[in-house]
Every structure is written in structure tokens, then in C-alpha cells.
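> Taking the numbering used here, the leading residue of the sequence shown gets 5, the next gets one more, and so forth.
Shown below is the structure under consideration.
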Amino acid sequence: MPKQIRKKSIKDLFAAGPSEGSSSERRHREPHAQSMDIPQVTITREEQDSSRGGLGTHSGRHAPQNEEDWGLTVDGTLPRTRSCSSMSSTGSSAIESEDDFLSDNESKSRGIVTLEQLGGPVEIKPWWKLKTLVHWPFRGSPKRKVSWVQLAGHKGNFKSAQEGTILKKLSENERQCFEKLQQDVLLPFVPQYHGVVESDGQSFLHLSDLLVPFHQPCVMDCKMGIRTYLEDDLARARGRPRLREDLYKKMVEVDSGGPTAQEHAQHAVTKPRYMQWRETLSSTHTLGYRIEGVKKSDGTCRTDFKRTRSQQDIIQVFQDFVVGSVDIMQAYLCRLTEIQQALHKSQFFKQHEVIGSSLLFLHDLSGRAEVWMIDFGKTTALAEGELLHNVPWQEGNREDGYLWVCRTSSAP
Numbered sequence: 005m006p007k008q009i010r011k012k013s014i015k016d017l018f019a020a021g022p023s024e025g026s027s028s029e030r031r032h033r034e035p036h037a038q039s040m041d042i043p044q045v046t047i048t049r050e051e052q053d054s055s056r057g058g059l060g061t062h063s064g065r066h067a068p069q070n071e072e073d074w075g076l077t078v079d080g081t082l083p084r085t086r087s088c089s090s091m092s093s094t095g096s097s098a099i100e101s102e103d104d105f106l107s108d109n110e111s112k113s114r115g116i117v118t119l120e121q122l123g124g125p126v127e128i129k130p131w132w133k134l135k136t137l138v139h140w141p142f143r144g145s146p147k148r149k150v151s152w153v154q155l156a157g158h159k160g161n162f163k164s165a166q167e168g169t170i171l172k173k174l175s176e177n178e179r180q181c182f183e184k185l186q187q188d189v190l191l192p193f194v195p196q197y198h199g200v201v202e203s204d205g206q207s208f209l210h211l212s213d214l215l216v217p218f219h220q221p222c223v224m225d226c227k228m229g230i231r232t233y234l235e236d237d238l239a240r241a242r243g244r245p246r247l248r249e250d251l252y253k254k255m256v257e258v259d260s261g262g263p264t265a266q267e268h269a270q271h272a273v274t275k276p277r278y279m280q281w282r283e284t285l286s287s288t289h290t291l292g293y294r295i296e297g298v299k300k301s302d303g304t305c306r307t308d309f310k311r312t313r314s315q316q317d318i319i320q321v322f323q324d325f326v327v328g329s330v331d332i333m334q335a336y337l338c339r340l341t342e343i344q345q346a347l348h349k350s351q352f353f354k355q356h357e358v359i360g361s362s363l364l365f366l367h368d369l370s371g372r373a374e375v376w377m378i379d380f381g382k383t384t385a386l387a388e389g390e391l392l393h394n395v396p397w398q399e400g401n402r403e404d405g406y407l408w409v410c411r412t413s414s415a416p
């Protein structure tokens, strides 16, 4: 008879006490993973100049209307898999173009990308710019032990490094964040940072590769917060107000009812208007987070979550992601609880506006499951004061809503 496990809601995740033998402790006790044939895939949205920060959209000051339990439950009747609790570290993320949030063919794309072989050019189709880095060791040629393939992304953001690490194009914001995090309680939950290195005349962050411990991993990127652009981004856009026909076209491709009557007559919208509109499309507006992309163990990637807004839709995506595994679900619940507890203690978290950062979910068929905080290119320090991260954003208060998910979930 399957073991019965009490159902847990998101409220449970962010309120539970520390479990015995936490995953972060187990990670430090585990020897470094040995070399093996491991496919590596990192899913993030793309950016362009991380010193500026990409422009997302804005949910504004309205509180989420859906106050129901997120519904992520651990059901004892689901099939179980062998669990593996040890943790390891890696990094991912890219740089996002402020005008490239929606591609011209987003309404036509099915949002499904299949990993391809080396050699040919790749057409960028998904609405969410999916950055996929595939590291595939070739068994037949020792001299070509490691080969990298980048699909649907800007070349040059990532480079291969020594085994178990990657190079990510330098963002000064992100460099400062990693250096501050070395002395913070969040250190066990972010990729290991090995400093800045030069390669081919460019500067890169040297980070550990989070995918090393996994064999044929499943990967999900969840963008956290109720907005994905900085207040400075909005101020700059307002400082250069002009009607944009290209942004109007992007808006109507997604939702013909999005523009106002005046905007339809002008066949144009301003950038601040576009920024605020596009944030309302997904669960960023309703729940305080959104799914950016999912990569399955068979190599297929989905990025068609631009209009995934409801809790029930999120539940369905997550259940499909874990394939009903109780052990994987439990491991994720444990790791999220540890992250939440560290966030409440973190001075770094209190003193920074965390925009565009993600939680990266990783698991494989062995039952190993990990969650990591990634992408700090738009995370900026406050001049003074502290943030709560769980109250509505009003322009000027710099609240990011990173913990808004706690408010949009209620106990069952």
C-alpha cells in the first residue's frame, strides 16, 4: 500500500521549519560529482545589457485576485521513485533585450523546441527567448570530450570552462551580487562563484554548472516577483515618450483587444504603456511568479507559457514536469522551505531589489531534485532602508514581490 503523505500547499512550503539533515548540509557532505556523460541545459529568458536591465512588464498595484491554494500536493497514491537528496551547485541566466520580450512570430510559435545536432543555424522562434546550452561529451573522441551547442540564444553569453563550470558574460550588477552573497546566508542556494575571468578579450563570471550532478535532467525556470523591470527602466522610457508602431504590432499579435481605441487609431503605443501591459499576460500579474520554460529529459523544450495565469494551469504544468513523482515533489518542497527560511534571515535580500531573478528546478529519473536561485543581472542594492518583498508595488517603493506567492496561497 502506498505511503500516505499529508497534502501540502505553498503556504506550507514557506512556513515549515527546518528539516533534519537539510539539503544544503547534505550538499556539503557529498563528494564532488565525477566526470560522466551528462547533457546540460540551462533555460532562461534572454537579456541584452544587464547593466541596464531588460524591460519586462508591469502588474502595477493591483493585488492578485486569486487567493486559492496553489494546489501543489504530495499524494501518497502517486508512483514513487528512488530519491537522492544530495545537492550541488551551478549557474545560469542570460541578458535580456528590453524590446525583445515578444518576438515577431510569437503568435505563430507553438513554443516547443527540440534539441538538435551540431552544425546548422537555428531559427529563433519562441515568444520566450529560450537560451539552451547543451553540453554533450563525445565518447568516441577524447580530444572532443566537451562540445557546446547554443539554441535560440545570443551567442557569446555563455562559454564552456573547465569541467563542472561555465563562463557567463559579465554583468557588473551580477558580479557585485555574487561577491556580496559570499558572506550571506543565501550562499548555499546560489551557484558557486569563482570570480571573473577573461576569454577572447571579454570578461565572464566563472560559475559552477548546476547540471553536473544530473543525468538527462528535467529543467524548469520560474521567474519570481510581480514585475520584471526596474523602476529606472520605466523612468527612462517615460523620459523618451514616443509612439511605437512596432510595439503596437507586438501587442495586437498577442491580444487584439489589448490596445485602447485611441491606440488602435494611432496604430502605436508608448513604451511605458507596452511595458505595463505585457506583464499582465502571465501569472506574474496574478500570482507573483511565472514559468519561463521547461526542458524535459527527452530534450524537448516548451516556452509557450506567455498566457499561463491561473493557479490550476500552473499546477498542471508542474505535475507534468515531475511526472507525478512523490519523491521529487517532496525534495522540491524541502528545498523551497530551506530557501524561504534563508530569505527571511538574509541581509542581502532585505537590502536589494530583486528583479528578473529565477528559481531553477532540476531533477532526473534517479529522484534527485534541486532548486537554485539564479539570474541577478537586474538585482540592485537600495541606497537606504529595507524591502519586505511581499507587499504591492507602487512606483517609488521598489518592492519587487519576490515573496508575493506567500500572499496568493492560503492553507487548505
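Cβ atoms here follow ideal geometry from the backbone N, Cα and C, with glycine treated the same way.
Since the model is a prediction, treat every value here as computed from it, not as a measurement.
Taking 8 Å as the limit between beta carbons, can you name the residues of its chain near Leu386, skipping five residues before and five after?
The residue given as residue 386 occupies position 382 in the sequence shown. Gln355, His356, Glu357, Arg402.
> Taking 8 Å as the limit between beta carbons, can you name the residues of its chain near Leu247, skipping five residues before and five after?
Position 243 of the sequence shown, counted from the start, is the residue given in the question as residue 247. Same-chain partners within the cutoff: Gln270, Ala272, Val273, Thr274.
> Is there contact here, the region 255-267 with the region 194-206, by at least three beta-carbon pairs under 8 Å?
no
> Tell whether a beta-carbon distance below 8 Å holds between Asn177 and Thr383.
Along the sequence shown, one-based indexing puts residue 177 at 173. Along the sequence shown, one-based indexing puts residue 383 at 379. Yes, Cβ-Cβ distance for Asn177 and Thr383 is below 8 Å.
> Run the CB neighbour count on Glu399, radius 10 Å, all protein chains shown included, and call it buried at 16 or more, exposed below.
Taking the sequence shown and counting its residues from 1, the one referred to as residue 399 is at position 395. With fewer than 16 Cβ atoms within 10 Å of its Cβ, Glu399 is classed as exposed.
> Please confirm whether Lys310 and Leu285 have their CB atoms less than 8 Å apart.
Working through the sequence shown from its first residue, we reach residue 310 at position 306. Working through the sequence shown from its first residue, we reach residue 285 at position 281. Yes, they are a contact pair.
> Round the Cβ separation of Phe208 and Lys172 to the nearest angstrom and send it over; I've been treating them as touching at under 8 Å.
Within the sequence shown, residue 208 is the residue found at index 204, counting from 1. Within the sequence shown, residue 172 is the residue found at index 168, counting from 1. Taking 8 Å as the upper bound for CB-CB distance, Phe208 and Lys172 are in contact here, some 6 Å apart.
> Taking only three categories from DSSP, how would you classify Thr290?
The count along the sequence shown starts at 1 and reaches residue 290 at position 286. Thr290: helix per DSSP, three-state reduction.
> Give a yes or no on whether the C-beta atoms belonging to Gly381 and Ser203 are separated by under 8 Å.
Indexing the sequence shown from 1 puts residue 381 at position 377. Indexing the sequence shown from 1 puts residue 203 at position 199. No. Outside cutoff.
> Report buried or exposed for Asp324, applying the criterion of at least 16 other Cβ atoms within 10 angstroms of its Cβ.
Taking the first residue of the sequence shown as position 1, residue 324 is located at position 320. Exposed, because fewer than 16 other Cβ atoms sit within 10 Å of the Cβ of Asp324.
> Excluding sequence positions up to five away, which residues of its chain have a Cβ less than 7 Å from the Cβ of Val409?
The residue you call residue 409 lines up with position 405 of the sequence shown. These residues qualify, in order along the chain: Ile14, Leu291, Gly292, Tyr293.
> Do you know how far the Cα of Leu340 is from the Cα of Ser370?
Residue mapping note: residue 370 aligns to position 366 of the sequence shown, counting from 1. Residue mapping note: residue 340 aligns to position 336 of the sequence shown, counting from 1. One C-alpha to the other measures close to 20 Å.
> With a 10 Å radius around its C-beta and 16 neighbouring C-beta atoms as the bar for buried, classify Lys349 as buried or exposed.
What you label residue 349 is simply residue 345 of the sequence shown in a count that begins at 1. By the neighbour-count rule (16 or more Cβ atoms within 10 Å), Lys349 is not buried but exposed.
> From the DSSP output, read off the bridge partner residues of Cys338.
Position 334 of the sequence shown, counted from the start, is the residue given in the question as residue 338. Looking at the DSSP output, Cys338 shares a beta bridge with no other residue.
> On the criterion of 16 or more Cβ atoms from any shown chain inside 10 Å, does Gly389 qualify as buried, or is it exposed?
Your numbering for residue 389 matches position 385 in the sequence shown. Flag for Gly389 reads exposed.
> With distances taken Cα to Cα, identify the nearest neighbour of Met377 among Leu211, Phe193, Met333, Ser314.
Taking the first residue of the sequence shown as 1, we reach residue 377 at position 373. Answer by Cα proximity: Phe193.
> Just to confirm before moving on: does the CB-CB distance between His393 and Asp404 stay below 8 Å?
Mapped onto the sequence shown, residue 393 falls at position 389. Mapped onto the sequence shown, residue 404 falls at position 400. Yes, the pair counts as a contact, with Cβ atoms nearer than the cut-off.
> Where DSSP assigns a beta bridge to Tyr197, which residues make up the other side?
For the purposes of this step, residue 197 is taken as the residue at position 193 of the sequence shown. Answer is Leu211, bridged to Tyr197.
> Short of 6 Å in beta carbon distance, which residues of its chain neighbour Gly229, apart from the five on each side in sequence? Order them along the chain.
Here residue 229 is taken as the residue at index 225 of the sequence shown, counted from 1. Taken in chain order, the residues that qualify are Asp404, Gly405, Tyr406.
> What does the alpha-carbon distance come out to for the pair Ala346 and Val189?
The sequence position of residue 346 within the sequence shown is 342, counting from 1. The sequence position of residue 189 within the sequence shown is 185, counting from 1. Near 6 Å, if we compare the C-alpha coordinates of Val189 and Ala346.
> Quick one: Cα of Met224 to Cα of Pro245, how far?
Position 220 of the sequence shown, counted from the start, is the residue given in the question as residue 224. Position 241 of the sequence shown, counted from the start, is the residue given in the question as residue 245. Going from the Cα of Met224 to the Cα of Pro245 covers about 36 Å.
> Between His367, Ser361, Arg306, Phe322, which lies nearest to Ala335 when the distance is taken from Cα to Cα?
Against the sequence shown, residue 335 aligns to sequence position 331. When each option's Cα is compared against that of Ala335, the closest is His367.
> Could you pull out every residue in the same chain whose Cβ sits closer than 6 Å to the Cβ of Cys222, ignoring the five residues on either side in sequence?
As a working mapping, residue 222 is identified with position 218 in the sequence shown. Cβ within range, chain order: Lys300, Ser301, His367.
> Between the Cα of Glu183 and the Cα atoms of Leu364, Phe352, Pro263, which residue gives the shortest distance?
Looking up residue 183 in the sequence shown gives position 179. The candidate whose alpha carbon is nearest that of Glu183 is Phe352.
> To which residues does DSSP link Met228 through a beta bridge?
Your numbering for residue 228 matches position 224 in the sequence shown. Bridge partners of Met228: Tyr293.
> Check the C-beta distance from Ile295 over to Val321 and give it rounded, since I have them as a contact under 8 Å.
Here residue 295 corresponds to residue number 291 of the sequence shown, with the count starting at 1. Here residue 321 corresponds to residue number 317 of the sequence shown, with the count starting at 1. Sure, about 6 Å apart at Cβ, within 8 Å.
> From the DSSP output, in three-state form, read off Leu364 for me.
Along the sequence shown, read from residue 1 onward, the residue named residue 364 stands at position 360. Looking at Leu364 - three-state DSSP - the assignment turns out to be strand.
> Where do the ends of the alpha helix (DSSP H) carrying Val395 lie?
In the sequence shown, the residue the question calls residue 395 occupies position 391. Note, Val395: premise wrong, no alpha helix (DSSP H); not H, not E.
> With DSSP as the reference, please indicate the residues paired to Ser350 in a beta bridge.
Taking the first residue of the sequence shown as position 1, residue 350 is located at position 346. Per DSSP, none; premise fails for Ser350.
> How is Arg313 classed by DSSP in three states: helix, strand or coil?
Within the sequence shown, residue 313 is the residue found at index 309, counting from 1. Coil.
> Hey, quick one: how far does the alpha helix (DSSP H) through Leu251 stretch, first residue to last?
As a first step, residue 251 is located in the sequence shown; it is residue number 247 there, counting from the start. Leu251 -> alpha helix (DSSP H) spans 249-258.
> How big is the Cα-Cα spacing for Thr304 and Leu363?
As a position in the sequence shown, residue 304 is number 300, starting the count at 1. As a position in the sequence shown, residue 363 is number 359, starting the count at 1. Rounded to the nearest angstrom, the two C-alpha atoms are 20 Å apart.
> Compute the distance between the beta-carbons of Gly360 and Lys254, then report whether it is under 8 Å.
As a first step, residue 360 is located in the sequence shown; it is residue number 356 there, counting from the start. As a first step, residue 254 is located in the sequence shown; it is residue number 250 there, counting from the start. The Cβ atoms of Gly360 and Lys254 do not sit closer than 8 Å to each other.
> What first and last residue would you give for the alpha helix (DSSP H) that runs through Ala241?
Mapped onto the sequence shown, residue 241 falls at position 237. Where Ala241 is concerned, the enclosing alpha helix (DSSP H) stretches over 235-243.
> Below 8 Å on the Cβ atoms is my contact criterion, and I expect Thr312 with Gly297 to pass it. Report the Cβ-Cβ distance as a whole number of Å.
If you number the sequence shown from 1, residue 312 lands on position 308. If you number the sequence shown from 1, residue 297 lands on position 293. With 8 Å as the limit, Thr312 and Gly297 do not qualify as a contact, their Cβ atoms being about 11 Å apart.
> Look up Glu332 in the DSSP assignment and say whether it is helix, strand or coil.
Locating residue 332 in the sequence shown gives position 328, counting from the first residue. First, the residue type needs correcting, since residue 332 is Ile and not Glu in the sequence shown. Ile332: helix per DSSP, three-state reduction.
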